[in-house]
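Chains as they are written, first to last, in the working numbering: chain A, 85 to 581; chain B, -10 to 122. No residue lacks a Cβ here, since even glycine has one placed at the ideal position from N, Cα and C.
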């Protein structure tokens, strides 16, 4: 029998019910003692705590008859206790939905990458002006002015990371001789294509990195945690039973690369050992100044890791085997204020602010913090959400259910540089749909000026988003009407030819 | 899919053990038993190269004993829309195959809204969108 078949040998057995779950002895013990619930819960491992949370959640959502309603009330109380322990509150309210383009921009900024767009996603005008017969030569300054005035670019311009790309983009636009007048009518996808082409490595690239990993929102947050909270982070992990060498290596990875990928982590020794000195000597290093028990210089560790020789200083246990790093937390990035609710924030860029992210143990992230997520969209207007929100936005790390002992707190926004950025973000704030309305008007003006023929399909794809949302936002219906009639007339012209 | 394979050649990631025919059959059986559907052919072609990969919070699943990468475990644990098989995830999104529409979808993990749709022939682009390390 293969290992995989063995792993799933019991999966075909019938699923247990929630009443089966609560009669499992260890869960029953915890739930039956109401007065000691908090203490007993905190004494469990994270996996067991997750199991309890899952059972409680199932009971709380299963209250058809009177008996189960009583149980559900009790489960709610227990869950409330757990939320208090993690410094979280169950939050509900209304929200304004984000446009798909805005969601994509948040992701791109967070990762510092942009994906190749499919050809059919690019606008007709962009493709029309990209043709060599429509190319023009224009000064850089004109590109800068046109880019800053472009409605679609102003949506990008709300985010700090995209603002830093403007010079490179203008250079690319000039090189590709795109008519600067068309920038006013380009779509978000067109700009994605421009950024992709500006930063792609070669013609076969699928993804272009416009920021190095360490400079991205996620990377900066991870390296900042170590920059400001390294002693607390080390102490926290050591208190959970981790070997200091594992902790030190993880901190080094976070500091240098802005990532915490335990699977790829090479755990190195902190001090020289006779075995390491021997290995280094065999590899041709001068070991005369290396004495057993003395610290290995960090620069030397980094150098060996960079040249793929990290195994020479690999940390080993008393049996000579590589250290077990399974106790190290597998962290994930959690947004305190949800991305889908970011229209409720002061500016959309705020969703990627340093204090809006926590690095959470992945089990707690997936099976607790997001267990209570619920979004209800009724019709085009009513949007309702429920969610578990961390109340303290200074929380930077959470690796257990006790926010007192399993968390690290630090305010990453209490500095002058961030305050300047925040003020700039406020000045750059725009309404997506208003920008798209402006873009459509610009498109109409452009096709009229250049007398560009349209088809019904192009007209439809160009105006679809606005037509879908015209009831939701405060549009200048006359302006849109005029723009659409101009675009429609371009179809007639084509037919007349 | 060759483009994606080339794209990740230079990346540092962890992969599941080599795909075994029996493991693939077991995974397909369980997915169908769960009320889902078969893994799409084009994705199986990818699994023949890499039976699940993970790096820095991005995952593409396979028929592997690694719990993080096991397509069966992930489809039974994670909240997902109907009529899809989850094939991967990152901090924000799922990669899923919609077996009613026969296409790959990028789905927002928060509100389960479809953000992007890719034809079977565009698997490269879909994989790159999720595995953006």
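Please report how far the alpha carbon of residue i lies from the alpha carbon of residue j, in whole angstroms.
i, j, result
"residue 88 of chain A", "residue 105 of chain B", "32 Å"
"residue 229 of chain A", "residue 223 of chain A", "10 Å"
"residue 284 of chain A", "residue 362 of chain A", "44 Å"
"residue 294 of chain A", "residue 250 of chain A", "11 Å"
"residue 443 of chain A", "residue 309 of chain A", "9 Å"
"residue 467 of chain A", "residue 302 of chain A", "29 Å"
"residue 538 of chain A", "residue 273 of chain A", "19 Å"
"residue 394 of chain A", "residue 365 of chain A", "14 Å"
"residue 449 of chain A", "residue 418 of chain A", "7 Å"
"residue 226 of chain A", "residue 268 of chain A", "12 Å"
"residue 581 of chain A", "residue 514 of chain A", "With a pLDDT of 46 at residue 581 of chain A, under the threshold of 50, the modelled position of that residue is not reliable, and no figure is offered here."
"residue 126 of chain A", "residue 325 of chain A", "16 Å"
"residue 331 of chain A", "residue 373 of chain A", "26 Å"
"residue -5 of chain B", "residue 111 of chain A", "48 Å"
"residue 132 of chain A", "residue 344 of chain A", "24 Å"
"residue 8 of chain B", "residue 29 of chain B", "15 Å"
"residue 39 of chain B", "residue 10 of chain B", "14 Å"
"residue 436 of chain A", "residue 94 of chain A", "43 Å"
"residue 433 of chain A", "residue 423 of chain A", "10 Å"
"residue 316 of chain A", "residue 218 of chain A", "60 Å"
Please identify the residue among the options whose C-alpha is closest to the C-alpha of residue i.
i, options, result
"residue 353 of chain A", "A:402, A:317, A:339", "A:402"
"residue 421 of chain A", "A:310, A:494, A:478", "A:478"
"residue 498 of chain A", "A:492, A:491, A:506", "A:506"
"residue 191 of chain A", "A:315, A:426, A:257", "A:426"
"residue 493 of chain A", "A:342, A:541, A:302, A:441", "A:441"
"residue 27 of chain B", "B:35, B:34, B:17, B:36", "B:17"
"residue 92 of chain A", "B:7, B:13, B:118", "B:13"
"residue 542 of chain A", "A:165, A:516, A:209", "A:209"
"residue 397 of chain A", "A:343, A:329, A:347", "A:329"
"residue 195 of chain A", "A:445, A:342, A:573", "A:342"
"residue 388 of chain A", "A:416, A:292, A:351, A:409", "A:351"
"residue 566 of chain A", "A:260, A:524, A:544", "A:524"
"residue 167 of chain A", "A:288, A:509, A:122, A:399", "A:122"
"residue 144 of chain A", "A:135, A:156, A:371", "A:156"
"residue 254 of chain A", "A:236, A:231, A:240", "A:231"
"residue 454 of chain A", "A:114, A:113, A:234, A:141", "A:141"
Is the distance from the Cβ of residue i to the Cβ of residue j below 8 Å?
i, j, result
"residue 307 of chain A", "residue 298 of chain A", "yes"
"residue 276 of chain A", "residue 201 of chain A", "yes"
"residue 169 of chain A", "residue 485 of chain A", "yes"
"residue 98 of chain B", "residue 81 of chain B", "yes"
"residue 175 of chain A", "residue 535 of chain A", "no"
"residue 37 of chain B", "residue 113 of chain B", "no"
"residue 173 of chain A", "residue 452 of chain A", "no"
"residue 357 of chain A", "residue 376 of chain A", "yes"
"residue 521 of chain A", "residue 461 of chain A", "no"
"residue 270 of chain A", "residue 207 of chain A", "yes"
"residue 546 of chain A", "residue 532 of chain A", "no"
"residue 347 of chain A", "residue 3 of chain B", "yes"
"residue 257 of chain A", "residue 279 of chain A", "no"
"residue 50 of chain B", "residue 89 of chain B", "no"
"residue 243 of chain A", "residue 193 of chain A", "yes"
"residue 32 of chain B", "residue 86 of chain B", "yes"
"residue 44 of chain B", "residue 1 of chain B", "yes"
"residue 58 of chain B", "residue 46 of chain B", "no"
"residue 213 of chain A", "residue 262 of chain A", "yes"
"residue 413 of chain A", "residue 360 of chain A", "no"
"residue 25 of chain B", "residue 64 of chain B", "yes"
"residue 139 of chain A", "residue 447 of chain A", "no"
Per DSSP, what kind of secondary structure is residue i in: helix, strand or coil?
i, result
"residue 4 of chain B", "strand"
"residue 28 of chain B", "coil"
"residue 87 of chain A", "helix"
"residue 241 of chain A", "coil"
"residue 324 of chain A", "coil"
"residue 443 of chain A", "strand"
"residue 573 of chain A", "helix"
"residue 561 of chain A", "helix"
"residue 581 of chain A", "Residue placement at residue 581 of chain A is flagged as unreliable, the pLDDT there being 46, under the threshold of 50; the coordinate-derived value follows with that caveat. Here residue 581 of chain A sits in coil by DSSP."
"residue 470 of chain A", "strand"
"residue 406 of chain A", "strand"
"residue 354 of chain A", "coil"
"residue 371 of chain A", "coil"
"residue 479 of chain A", "strand"
"residue 223 of chain A", "coil"
"residue 59 of chain B", "strand"
task: Counting only runs of 3+ residues fully inside the stretch 491 to 549 of chain A, write out the beta strand (DSSP E) ranges in chain order.
output: 491 to 493
Worksheet entry | Entirely enclosed alpha helix (DSSP H) segments - the stretch 243 to 296 of chain A, minimum 4 residues | 244 to 247, 250 to 260, 272 to 283
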